[in-house]
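Engineer: The following block contains the structure, expressed as structure tokens.
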Amino acid sequence: MIKFADVIVDLQAGDTGKGKVAHSLCKSGDYTHVVRYNGGGNAGHTIYHNGKKIVTHFIPCGVLYGVKSIIGPGCVVHFPKLLKEINELVMNGIQVDGYLFIDKRAHIITESHIIEDYEDSKIGTTKTGNGPCYRDKYYRKGLRMESKRLHTSMMIDIYEELYGENEVSILFEGAQGFELDIDWGDYPYVTSSHCTVGSAILNGIPAKSIRKVFGIAKAYRTYVGSKNFEGDDLIFDKIRELGKEYGATTGRKRQINWFNLDDIIKAININGVTDLVINKIDILTELNIFKIYHENALYDFDNEEVFKYFIMYNIKSLCPTIENIIFSNNPHTIN
Ligand code: IMP
Ligand code: MG
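All letters in the sequence shown, in the order written, are residues 0 to 334 by numbering that gives the first Met the number 0.
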């Protein structure tokens with residue numbers, strides 16, 4: 000039975016450092032399971048594990064710590080790429096066998112989904128077949144894990160796993176982010192899955208079992224895709240270089256813009272975030288430039304302290320669910 004579930008949600012357009020937070024939380028030993036709740040190979044989580052840089056796309060980070068990890072029913076999976084990712088982990092000395100599972104309801108990304116996705120020019124997708132696969136799922140023409148007879152040792156029924164006799168505590172690891180959510184994002188410049196806390200619940204837990212919601216953001220915004228997102232400021236090139244803002248999946252340049260307080264407040268309130276983590280503050284500190292969009296004005300702050308104070312003051316007064324606000328630097332662990 001479920002003792003509690005914590006959920007990680009990205010409050011911006013992905014690439015805020017969810018992987019880092021998930022990795023730190025797994026280390027705590029608080030969880031018996033990690034569940035990925037949305038997306039597929041479009042995600043790219045960069046994790047620094049025992050001094051090595053590891054990029055995962057499908058595999059939840061619990062595997063790195065010997066925590067049972069499940070690719071949930073809300074996810075889509077491309078098998079050849081998943082196997083490649085498993086191999087890479089194994090080559091890095093990580094035991095995957097016995098720790099990685101896929102719910103039988105997860106959908107399969109086929110080669111034709113990928114080919115079709117390559118034809119996209121409008122959205123600027125990751126060309127991983129994500130959109131066509133979710134379209135087929137909702138059109139009820141999709142292929143689920145259970146209909147593929149291969150690799151059955153990894154296939155489970157998440158209900159049986161989470162609702163047996165043992166008490167389980169789950170970390171839900173999301174992909175993409177609130178600004179890319181199919182309903183809440185800037186449609187059509189969105190991904191094809193839900194990226195909110197609601198998406199975690201859809202993977203098979205009661206809403207009431209949620210203990211904490213970790214909302215992850217960056218001290219500035221980034222976005223990858225076709226729409227024009229980046230402002231004019233020349234400093235954005237420097238932020239991109241210093242923050243290494245290039246896609247983990249596609250290597251594309253991430254467009255940069257200033258932190259938008261109103262969008263973060265909306266994302267916190269809709270997701271019921273309890274613990275807010277704002278990453279990469281050190282990138283702004285190094286360039287000594289701190290700006291925030293708030294109520295259609297761009298505010299310029301003299302130093303890190305007033306920048307943080309402005310964020311904390313507004314969020315604490317406008318977001319009743321918030322319990323903790325953590326500012327974190329680029330290095331890849333949170334203390
Ligand atoms: P798709 O998810 O590949 O269909 O891409 C839809 C949009 O979401 C594009 O703008 C992608 O660049 C963006 N996107 C998808 N996954 C990620 C991610 O993990 N990080 C950042 N952007 C993403
Ligand atoms: Mg990413």
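Even for Gly, the Cβ is constructed at its ideal location relative to N, Cα and C.
#1: Strictly by DSSP, which residues pair up with Leu-82?
#2: Going along the chain, which unbroken runs of the alpha helix (DSSP H) with 4 or more residues stay wholly within the stretch 45–127?
#3: For Val-34, which of helix, strand or coil comes out of DSSP?
#4: Could you check if Asp-14 belongs to the surroundings of ligand 1, using beta carbon to heavy atom distance under 7 Å?
#5: Just the C-alpha distance for Phe-326 and Lys-265, rounded to the nearest angstrom, thanks.
#6: Indicate whether the contact test is met: 3 or more Cβ pairs, each with one atom in the stretch 41–58 and one in the stretch 13–22, closer than 8 Å.
#7: If we count the other Cβ atoms within 10 Å of its Cβ and call it buried at 16 or more, is Met-0 buried or exposed?
#8: Would you say the beta carbon of Asn-227 is closer than 7 Å to some non-hydrogen atom of ligand 1?
#9: Assuming Ser-192 and Gly-38 are in contact, meaning their beta carbons sit under 8 Å apart, how far apart are those beta carbons, in whole angstroms?
#10: Taking DSSP's pairing of strands, which residues face Glu-285 in a bridge?
#11: Give a single yes or no on whether Gln-11 has its beta carbon closer than 7 Å to a heavy atom of ligand 1.
#12: Quick check: is any heavy atom of ligand 1 less than 7 Å from the C-beta of Asn-278?
#13: Which parts of the stretch 210–294 are runs of the beta strand (DSSP E), unbroken and 3 residues or longer, counting only runs that do not cross its ends?
#14: Give the single residue among Val-95, Leu-88, Val-75 whose Cα lies nearest to the Cα of Ile-107.
#15: Under 8 Å: do the stretch 95–109 and the stretch 65–75 share three or more Cβ pairs, one atom per stretch?
#16: Using 8 Å for Cβ pairs, my map puts Glu-229 next to Ile-263. What's the rounded Cβ distance?
#17: Give the secondary structure of Tyr-133 by DSSP, where H, G and I count as helix, E and B as strand, and everything else as coil.
#18: Could you please give the first and the last residue of the uninterrupted beta strand (DSSP E) stretch that includes Phe-309?
#19: Quick check: Val-223 and Gly-123, are their CB atoms within less than 8 Å of each other?
#20: Between the stretch 315–322 and the stretch 230–241, are three or more C-beta pairs nearer than 8 Å?
#21: Grouping DSSP H, G and I as helix and E and B as strand, with all else coil, what is Leu-297?
#22: Taking Phe-300 as the reference, which of Leu-241, Thr-284, Lys-315 has the closest Cα?
#23: Can you tell me which of His-48, Arg-139, Ile-155 puts its alpha carbon nearest to the alpha carbon of Glu-145?
#24: Can you list, in chain order, the residues of its chain with a C-beta nearer than 6 Å to that of Tyr-292? Leave out the 5 residues immediately preceding and following it.
#25: When we look at the beta-carbon of Leu-179 and count the other beta-carbons within 10 Å, is it buried (16 or more) or exposed?
#26: What residue range does the alpha helix (DSSP H) around Ala-206 cover?
#27: Excluding the 5 residues flanking Leu-317 on each side, which residues of the same chain have their C-beta closer than 6 Å to its C-beta?
#28: Please return the same chain residues whose Cβ sits closer than 6 Å to the Cβ of Thr-221, not counting the five positions on each side in sequence.
#29: Counting C-beta neighbours from all protein chains within 10 Å, is the total for Met-153 16 or more, i.e. buried, or is it exposed?
#30: Is the beta carbon of Val-276 sitting closer than 8 Å to the one on Val-20?
Structural biologist: Taking the geometry as given:
#1: Partner(s): none; Leu-82 has no beta bridge.
#2: Runs of the alpha helix (DSSP H) inside the stretch 45–127: 78–90, 110–117.
#3: strand
#4: Flag set: Cβ of Asp-14 near ligand 1.
#5: About 19 Å.
#6: yes
#7: exposed
#8: No, ligand 1 has no heavy atom inside 7 Å of this Cβ.
#9: 5 Å
#10: Glu-285 pairs with nothing; no bridge assigned.
#11: no
#12: no
#13: 219–222, 254–259, 274–278, 289–293
#14: Looking at Val-95, Leu-88, Val-75, the one whose alpha-carbon comes closest to that of Ile-107 is Val-75.
#15: Yes: at least three Cβ pairs fall under 8 Å.
#16: With a Cβ gap of about 19 Å, Glu-229 and Ile-263 do not count as contacting.
#17: helix
#18: From DSSP, Phe-309 is part of no beta strand (DSSP E) but of the alpha helix (DSSP H) over 303–317.
#19: yes
#20: no
#21: strand
#22: Thr-284
#23: In terms of Cα proximity to Glu-145, the closest of His-48, Arg-139, Ile-155 is Ile-155.
#24: Trp-257, Asn-259
#25: buried
#26: Taken as a continuous stretch (DSSP letters only), Ala-206 belongs to no alpha helix (DSSP H), as it is neither H nor E.
#27: Counting only Cβ-Cβ distances below 6 Å, and skipping sequence neighbours, we find Ile-264.
#28: Asp-14, Glu-244, Arg-253, Ile-255
#29: buried
#30: yes
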